[in-house]
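Chemist: Quick one: structure below, then a few questions.
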Amino acid sequence: MTVRQTCPPHRLAILFALAVALVLSANPNECIAQPRSASMGDFATGSEFEDYLRVLQIAGVAPLYPWSIRGFSPREIRALVAGDTAGPWALQPRFSKSLVDAGPATLTTTYNSAYPYGANDGAVWAGRGLTVAAAAGVSGTYGPLSISLAPVAFRASNSPFPILPNGKNGLQAYNRGTFSDVVDMPQRFGPDSYARVDAGNSGIRLDSKYATVGFSTGNQWIGPATEHPFLLGTNAPGFPHLFVGSGSPVDLWIAKIHARVMWGKLFQSDFSPVTGGSRFTRAETGTERLTTAATFVVLPRGFTGLEIGVSRYFHVPFQIGEPSSDFWLKPFKVLFLKNEFAQGDSAGFDNQLASIFFRWTFPRSGLEVYAERGYEDQFFDLREFVQDIDHEREYMLGFQKAFRGRSKRIDVIKGELVNYQVPTLARLRIENAVYLHSPLRQGHTNRGQLLGVSAGVGAAAASTISWTRYSPIGRTGATLRRIVRDQAGNYLNAIKSYGGYNPLPPGFDVPPNRETDVIIALGVERMQFTKYADFGAKLEAMQNYNRNFTQDAANLNLQVMARVRRW
């Protein structure tokens, strides 16, 4: 069956006119300087208000604070906002100090003309056609106690488009085309419209200067990346989890230490390769998984603006008897697999990911640089680490440069890249099973979306160059992206021969010169404060070369947002 990929012109015209009318051609008399108000609900993990606070740090407006463990507590947010008296949005006098406060109500519409496209949008999955998402919330604080309720609901029309046949039947036919036996990452969420209601950034927390503890369903972010975190970010829905850590960096004189440990539960989509019961048994691997992570950040004395961190992340089988004492202590287990065997743990069912990272901010220069080195697989011993240091590796590099101008404007140039494409080590051993594992065959996902980098699994990469201007009436930006979604090659033969499964669909041969599936996207966006609401629009035009290792395909992504605040 041939599926029409182009969008009816009248639909694009209507949507584009709406975006222009609401944002790009707004009446200047309706615009206001700075948002009417700001509340805790504006500073969810990965939000544009959180990004704004980071820019203020770089520009020397807000105080320095480690950025590699998020989300922030209400106490941390208040401290960061307190410094914004001279920034473009001047949030300090507008920040709500109420014990109970209604957050902004947001309505977002996303249109994809040819195929799904979107990243770092939490629970939302934007398929082909129109996707409508709504979010609202309320939060309250009383002393060290804070409570938030911030649900998200969305509906994707999920119009049909060509997918890569994976040889499966039923709902599994919609799962990923490559690695379909070992990852829960649908190409399309079924044949009909797709909708979900998610708890969003909801939770309860006790927080002080010295310690924090709580329960949340919101997204967490590990590491210094702004768009491409290896371990955990906002690309997938949040999951229920308990956490405990330091309330603020603890001063040990030689350095300050900031840490957080998390224990949670992950779920799969209806299109997962895993079927059967929720628990892990000898016969079934279980539709649900436990997860845990520990992150430690050091701020060494004498190196102002520097944070160095390490994090470990585990997928753990949801066996009968779990969560056990072993699960609660999992983040502190020995480093190498050899030592685990020596202690009697020979099952090897859980999957570990780990990373080491740094971020260094120079406020006087308006500059920050940051990087991360991640690993998908646990090393057997120190010898393996030394001789095969590129085994299942990932690296991320980034910088942001802020320029303070007149009229309280800040311009930011950003560059960030992440890469886990095939290393030269693939000539010697199986490589590029990044975000994949066995016997837990959902991969590094929650409800069918990647928890870390949105680019893909196996061998993928992404890079971003952007310009953003923060001004008293809003934000304007332009972005150029390159995304390697998938990569075929001889390394797949090794996985097929020794890994126990075929990464490619049955009978599928990659045509010559079609081995790399890559997107080039150019986008512009604008967010503007007005008397009655904040309005935003974003337009991205892209070309997908060798989509699904076959033909090229263009797509137009248009997003329009309206955010209403309390008066």
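Every letter in the sequence shown is one number past the one before it in the numbering used here, and letter 156, counting from 1, is 632. Ideal Cβ positions, reconstructed from N, Cα and C, are used throughout, including at glycine.
Does the pairing of the stretch 775-790 with the stretch 679-688 give three or more beta-carbon distances under 8 Å?
Modeler: The stretch 775-790 vs the stretch 679-688: no contact.
Chemist: Is it the case that the Cβ atoms of Y911 and E844 are separated by a distance below 8 Å?
Modeler: No; because the gap between Cβ atoms is not below 8 Å, this pair is not in contact.
Chemist: Starting from the N-terminal side, write out each stretch of the beta strand (DSSP E) that is 3 residues or longer and does not extend beyond the stretch 994-1033.
Modeler: You should have 1010-1021.
Chemist: Nearest-angstrom Cα distance between F808 and D727?
Modeler: Approximately 22 Å between the Cα atoms of the pair.
Chemist: Just the C-alpha distance for F655 and N978, rounded to the nearest angstrom, thanks.
Modeler: Taking the straight line joining both Cα atoms gives about 7 Å.
Chemist: Which of the three DSSP states is assigned to V720 in this structure?
Modeler: Strand at V720.
Chemist: Could you tell me the boundaries of the beta strand (DSSP E) in which Q533 lies?
Modeler: Counting along the chain, Q533 falls outside any beta strand (DSSP E), though it belongs to the alpha helix (DSSP H) covering E524 to I534.
Chemist: Exposed or buried, which one is L498 when buried takes at least 16 other CB atoms within 10 Å?
Modeler: Low local confidence applies: a pLDDT of 49 at L498 is under 50, so the model's placement there is unreliable, and no value is given.
Chemist: Just the Cα atoms here: how many angstroms apart are T702 and N695?
Modeler: Going from the Cα of T702 to the Cα of N695 covers about 14 Å.
Chemist: Bridge partners of K732, per DSSP?
Modeler: Looking at the DSSP assignment, K732 forms a beta bridge with D727 and L775.
Chemist: Quick one, which of L858, A878 and R835 has its alpha-carbon nearest F812's?
Modeler: Ranking L858, A878 and R835 by Cα distance to F812 puts L858 first.
Chemist: Going by Cα to Cα distance, which pick from W804, V929 and T952 is closest to N596?
Modeler: Comparing Cα positions, the closest option is V929.
Chemist: Is the CB-CB distance between F794 and R923 below 8 Å?
Modeler: Their beta carbons are not under 8 Å apart, which means F794 does not touch R923 by this criterion.
Chemist: Leaving out the 5 sequence neighbours to the left and right, which residues in its chain are closer than 7 Å to A675 when beta-carbon positions are compared?
Modeler: Cβ neighbours of A675 beyond the five flanking positions: P627 and T693.
Chemist: Expressed to the nearest angstrom, what Euclidean distance is found between the alpha-carbon atoms of L1011 and P749?
Modeler: In the sequence as presented, Leu is not what sits at residue 1011; that position holds Phe. When rounded, the distance between both Cα atoms is 41 Å.
Chemist: Flag P620 as yes if its beta-carbon sits less than 8 Å from any beta-carbon of chain B, otherwise no.
Modeler: Within the model displayed, chain B is absent; a lone protein chain is all it includes.
Chemist: Measure the alpha-carbon distance for T582 versus A1038 and round it to whole angstroms.
Modeler: If I take the Cα positions, the gap works out to 6 Å.
Chemist: Please report how far the alpha carbon of A671 lies from the alpha carbon of T607, in whole angstroms.
Modeler: The straight-line gap from Cα to Cα measures roughly 9 Å.
Chemist: Given a cut-off of 8 Å, decide if H913 and H717 are closer than it, judged by their beta-carbon atoms.
Modeler: Not in contact: H717 and H913 (Cβ atoms no closer than 8 Å).
Chemist: The beta strand (DSSP E) with I784 in it runs from where to where?
Modeler: Run containing I784: L782 to P793, per the beta strand (DSSP E) assignment.
Chemist: With distances taken Cα to Cα, identify the nearest neighbour of F825 among W697, G874, T757 and T952.
Modeler: It is T757 whose Cα lies nearest to the Cα of F825.
Chemist: Classify Q1027: buried if its beta carbon has 16 or more other beta carbons within 10 angstroms, exposed otherwise.
Modeler: With fewer than 16 Cβ atoms within 10 Å of its Cβ, Q1027 is classed as exposed.
Chemist: Following the continuous alpha helix (DSSP H) through I949, name the residue where it begins and the one where it ends.
Modeler: No alpha helix (DSSP H) holds I949; DSSP gives it neither H nor E.
Chemist: Considering only residues of the stretch 568-606, which uninterrupted beta strand (DSSP E) runs meet the minimum length of 3 residues and lie entirely inside it, listed in chain order?
Modeler: Segments of the beta strand (DSSP E) lying fully in the stretch 568-606: 576-578 and 581-588.
Chemist: Near L575, which residues of its chain fall below 7 Å by C-beta distance, leaving aside the five closest residues on each side in sequence?
Modeler: So the list reads G616, T617 and Y618, once near-sequence residues are dropped.
Chemist: Given a cut-off of 8 Å on the beta-carbon distance, is the pair G699 and E524 in contact?
Modeler: No. Outside cutoff.
Chemist: So, do the stretch 942-949 and the stretch 881-893 have three or more beta carbon pairs nearer to each other than 8 Å?
Modeler: Yes: the two stretches touch, three or more of their Cβ pairs being nearer than 8 Å.
Chemist: Pull up the CB-CB distance for L711 and L926, whole angstroms please, since I reckon it's below 8 Å.
Modeler: The sequence as given places Asn at residue 711; Leu does not occur at that position. Going by Cβ atoms, the distance from N711 to L926 rounds to 5 Å, so yes, they are a contact pair.
Chemist: Between S513 and R1041, what straight-line distance do the alpha-carbon atoms span, to the nearest angstrom?
Modeler: Approximately 7 Å, taken between the alpha carbons.
Chemist: Return the residue from the list P839, Q854 and A562 that minimises the CA-CA distance to S831.
Modeler: Nearest of P839, Q854 and A562 to S831, Cα basis: Q854.
Chemist: Drop a sphere of 10 angstroms on the beta-carbon of T767, count the other beta-carbons inside from all chains shown, and report buried for 16 or more, exposed for fewer.
Modeler: Counting Cβ neighbours within 10 Å, T767 comes out buried, since at least 16 surround it.
Chemist: What three-state label does DSSP hand M661 in the structure shown?
Modeler: Three-state DSSP puts M661 in coil, outside helix and strand.
Chemist: According to the Cβ coordinates, are H734 and I996 closer than 8 Å?
Modeler: Going by C-beta atoms, H734 is not nearer than 8 Å to I996.
Chemist: List the residues that DSSP assigns as beta-bridge partners of I698.
Modeler: The partner list for I698 (beta bridge, DSSP) reads I545.
Chemist: What three-state label does DSSP hand Q863 in the structure shown?
Modeler: The answer is helix: DSSP assigns Q863 an H, G or I state.
Chemist: If contacts are defined as beta-carbon pairs under 8 Å, then R869 and D657 qualify, I think. What distance do you get, rounded to the angstrom?
Modeler: Going by Cβ atoms, the distance from R869 to D657 rounds to 24 Å, so no, they are not a contact pair.
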